[in-house]
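Residue 316 in the numbering used here sits at position 130 of the sequence shown, with consecutive numbering throughout.
All C-beta atoms, glycine included, are put in the ideal place defined by N, C-alpha and C.
Predicted, not measured: the structure shown is a model, and the values here were computed from it.
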Amino acid sequence: MSYTEDKQDMNDPEDFDSSSGCEISYRSLLGSPEFKPPKFDLNESDVSDIEIEQPTKRVALQENNISRYHQEFLELQLIGKGQFGSVYKCVNRLDGCVYAVKKSTKPVAGSVFEKTALNEVYAHAVLGKHQHVVRYYSAWAEDNHMIIQNEYCNGGSLADKIAQEPLSAQELRTLLLHVAEGLRYIHSEGLVHLDIKPGNIFLSKEKKIHITNYDSADDGFEDLDDNSLLEEELTYKIGDLGHVTSI
């Protein structure tokens, strides 16, 4: 068999397994003692053009141009806006969780907001996690715009709440206790929050089951609807740490 015939057989569509992307005839012949792999001349004019096409590289370049924000998050709605930027309620495409993502409206480098943005990231990094401080997850820059990924508080801000109705005495006691706990933690880390106000305090709502008639003789397998009450519990959290500074 001539080299030309070998090459034609190997490129026969009937010998090509489309699912594996491999040439079956070439594989099988490798195991044959009578088969000698042909020597290919890279200068031949009939070398397949597939080897020099670069669709994969073009796709990769397009993917690199997609911002991290749009790659990782699905934007649901605008939930806040200020001088620094806007805050959006977003779903993370990977873990399915909801976050509050703050994006600066203008480029921050060299602007009056640069210090505020860096302060917020620094404060979050130092503070870590506390039940009465809005949790920080990540921060990065895109086209000189700062983006900060924080915990989403589903109850909105304290400013929104008191605009709807005044706080009861019990709600006010809970608010003061939670804010005091959050401030004590911030101070224990050598930082102070210089902008405590209703717009920077956020509410997290969580439904919890409270047992209303517990009998020690019960075996614990009764229907929860008989002896339990589903109540909404509010937790107040300090946020917007752009004005935090060290003591």
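Would DSSP call residue i helix, strand or coil?
i: Ile348; result: helix
i: Ser343; result: strand
i: Lys393; result: strand
i: Thr431; result: strand
i: Leu280; result: coil
i: Lys288; result: strand
i: Cys208; result: At Cys208 the pLDDT is 43, less than 50, meaning the model places this residue with poor confidence and gives no usable figure here.
i: His379; result: strand
i: His318; result: coil
i: Gln269; result: coil
i: Lys243; result: Here the model assigns Lys243 a pLDDT of 42, short of 50, so the residue's position is not dependable, and the following value carries that caveat. Helix, per DSSP.
i: Ser214; result: Per-residue confidence for Ser214 stands at a pLDDT of 44, beneath the threshold of 50, marking its modelled position as unreliable; the derived number appears in the next sentence. Helix, per DSSP.
Taking the alpha carbon of residue i as the point to measure from, which residue in the options has its own alpha carbon closest?
i: Gln317; options: Glu392, Thr431, Gly428 and Gly268; result: Glu392
i: Glu417; options: Ser272, Ser253, Phe259 and Ile395; result: Ile395
i: Asp281; options: Ala349, Gly385 and Phe259; result: Phe259
i: Lys292; options: Ala311, Lys275, Leu415 and Phe270; result: Phe270
i: Lys288; options: Ser324, Val298 and Ser253; result: Ser324
i: Tyr338; options: Tyr322, Ala286 and Asn386; result: Ala286
Just the Cα atoms here: how many angstroms apart are residue i and residue j?
i: Ile333; j: Ala295; result: 13 Å
i: Val163; j: Phe388; result: Residue 163 lies beyond the stretch modelled for the chain, which goes from 187 to 433, so this question has no answer here.
i: Leu361; j: Leu353; result: 9 Å
i: Glu419; j: Asn278; result: 25 Å
i: Leu377; j: Val273; result: 24 Å
i: Leu427; j: Gln350; result: 25 Å
i: Ser390; j: Gly341; result: 5 Å
i: Ala355; j: Val430; result: 29 Å
i: Arg254; j: Thr302; result: 22 Å
i: Ile433; j: Asp381; result: 15 Å
i: Phe299; j: Leu415; result: 47 Å
i: Lys275; j: Ser374; result: 31 Å
i: Asn305; j: Ser297; result: 14 Å
i: Leu363; j: Ser290; result: 32 Å
i: Asn336; j: Glu261; result: 14 Å
i: Leu358; j: Val365; result: 11 Å
i: Tyr322; j: Val312; result: 10 Å
i: Lys383; j: Gln257; result: 34 Å
i: His310; j: Val284; result: 19 Å
i: Gly385; j: Gly314; result: 22 Å
Hey, quick one: how far does the alpha helix (DSSP H) through residue i stretch, first residue to last?
i: Gln356; result: Ala355 to Ser374
i: Ala303; result: Glu300 to Leu313
Between which two residues does the beta strand (DSSP E) holding residue i run?
i: His331; result: His331 to Glu337
Does the pairing of the stretch 265 to 280 with the stretch 418 to 425 give three or more beta-carbon distances under 8 Å? With a cut-off of 8 Å, the stretch 418 to 425 and the stretch 265 to 280 do not count as touching, because too few Cβ pairs lie within range.
For the stretch 318 to 331 against the stretch 357 to 373, do three or more pairs of beta-carbon atoms, one drawn from each stretch, fall closer than 8 Å, so that the two count as touching? With the cut-off at 8 Å, the stretch 318 to 331 and the stretch 357 to 373 touch.
Are three or more beta carbon pairs between the stretch 321 to 331 and the stretch 343 to 354 nearer than 8 Å? No, they do not touch.
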